[in-house]
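Scroll down for the structure; my scribbles are underneath it.
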Amino acid sequence: MKVLVTGHRGYIGAEMVPALLEAGHDVTGLDIGFFDGCDFIAPPDDVPALHVDLRDVTPRELEGFDAVVHLAALSNDPLGDLDARVTYDINHHASVRLARAAKDAGVRRFLFSSSCSVYGAGGRAPLDENSALNPLTPYGKSKALVEQALSGLAGASFSPVYLRNATAYGVSRRLRADVVVNNLVAYACTTGKVLLESDGTPRRPLVHLRDIVKAFRVVLDAPLEAVRDQVFNVGASSENYRIAEIAELVADLVPDCGVAFAPGASADFRDYCANFDKLPRVLPEFRPTHSLRGGIEELRDAYRHGLTREAFKGPRYFRLRTVQHLRAQGLLDAHLRRTHPEPKRR
Numbered sequence: 000m001k002v003l004v005t006g007h008r009g010y011i012g013a014e015m016v017p018a019l020l021e022a023g024h025d026v027t028g029l030d031i032g033f034f035d036g037c038d039f040i041a042p043p044d045d046v047p048a049l050h051v052d053l054r055d056v057t058p059r060e061l062e063g064f065d066a067v068v069h070l071a072a073l074s075n076d077p078l079g080d081l082d083a084r085v086t087y088d089i090n091h092h093a094s095v096r097l098a099r100a101a102k103d104a105g106v107r108r109f110l111f112s113s114s115c116s117v118y119g120a121g122g123r124a125p126l127d128e129n130s131a132l133n134p135l136t137p138y139g140k141s142k143a144l145v146e147q148a149l150s151g152l153a154g155a156s157f158s159p160v161y162l163r164n165a166t167a168y169g170v171s172r173r174l175r176a177d178v179v180v181n182n183l184v185a186y187a188c189t190t191g192k193v194l195l196e197s198d199g200t201p202r203r204p205l206v207h208l209r210d211i212v213k214a215f216r217v218v219l220d221a222p223l224e225a226v227r228d229q230v231f232n233v234g235a236s237s238e239n240y241r242i243a244e245i246a247e248l249v250a251d252l253v254p255d256c257g258v259a260f261a262p263g264a265s266a267d268f269r270d271y272c273a274n275f276d277k278l279p280r281v282l283p284e285f286r287p288t289h290s291l292r293g294g295i296e297e298l299r300d301a302y303r304h305g306l307t308r309e310a311f312k313g314p315r316y317f318r319l320r321t322v323q324h325l326r327a328q329g330l331l332d333a334h335l336r337r338t339h340p341e342p343k344r345r
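Numbering (numbering that gives the first Met the number 0), first residue to last: 0 to 345.
This is the structure we're talking about:
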């Protein structure tokens, strides 16, 4: 297929593109380049790209594509909380406009990268795709709103699918150190402490980014009637953990470090676990293969050779810090639109 991947130079996108190319797809990217210069060890693959802000895409630019894999977003709660209006403008309104433009252009498949954050404060029971949504942040709420809007566009000629990813972790060439596993291992490797910023009691479902990539590959190749207007949690039911359990495993696998609490560490109301049985039941080609233990070891080994304490403390691997850095340089305006064609390298 001819596939457009939005956010193709991001944390997941940098690893999604080579996987889709390997599967034989013709890939074009779309990325505004907020995180250009934030490479970890090596840069992402260079592929043809549309040089347009997500908010400005028109049907004409999408003509000829068979599928859109929509990853682009202001990704994570701290960045989403920076300005809720901008978060909704990019994550919600621009995503819906993109889907409408895709449908108008004759694109049949639309894979939306949603999030288990839509469950918010979910209670004790593992939540499946039919559970009530209770998002607590602009990021989570925007994802839920997009799912609802895209479902209204579904039909014989347009097949949206909603992949609710668990909290991602793992090494990427566009590393993020602001997701919980990556963050705790980075603290351990660069400071000798596994630093908790909450009381450690909240639960999170976790998934390695390469299992996310695998899920998208399988859904992209699935028969339309099997996935049209379907929601899939992406992860493994065995990979639900309390934050404290993650921290303890990191301390066990990274030598000479212990668990510590940041000043003011408090409860986090985002607390849920999820059930992930549907996707492998509907599409048996998908089976997650990565475990938290293996992911921590992978991160530990990569950080030892490629992450300094200075880089970890800087803006490069934290989404909110990077955007704030670009704004302070005058390269992004208040609406997070570029004021300069190329970002300065850090």
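Quick reminder that beta carbons are idealized off the backbone N, C-alpha and C, glycines included.
As a quick exercise: from 15, 333 and 290, pick the residue whose alpha carbon is nearest that of residue 112. 15
Relative to the C-alpha of residue 11, which residue among 0, 299 and 34 is closest? 34
Any contact of the region 136-143 with the region 72-92, i.e. 3+ C-beta pairs under 8 Å? yes
Can the beta-carbon of residue 46 be found less than 7 Å from the beta-carbon of residue 26? yes
Candidates 314, 333 and 276, of which the one nearest residue 324 by Cα: 314
Check for me: the beta strand (DSSP E) holding residue 86 runs from which residue to which? Counting along the chain, residue 86 falls outside any beta strand (DSSP E), though it belongs to the alpha helix (DSSP H) covering 83-86.
What whole-angstrom Cβ distance do residue 319 and residue 78 have, given they're in contact under 8 Å? 5 Å
Cα separation between residue 189 and residue 154? 51 Å
Please confirm if the region 234-246 is in contact with the region 270-278, defined as three or more CB-CB distances below 8 Å between the two stretches. yes
Any idea what DSSP makes of residue 229, helix, strand or coil? strand
Beta carbon of residue 110, beta carbon of residue 160: below 7 Å? yes
With three or more beta-carbon pairs closer than 8 Å as the criterion, would you say the region 328-341 touches the region 204-216? no
Which residue wins for smallest C-alpha separation from residue 104, given the options 61, 134 and 20? 61
Leaving out five residues on either side along the sequence, give the residues of the same chain with a beta carbon under 6 Å from the beta carbon of residue 7. 16, 28 and 30
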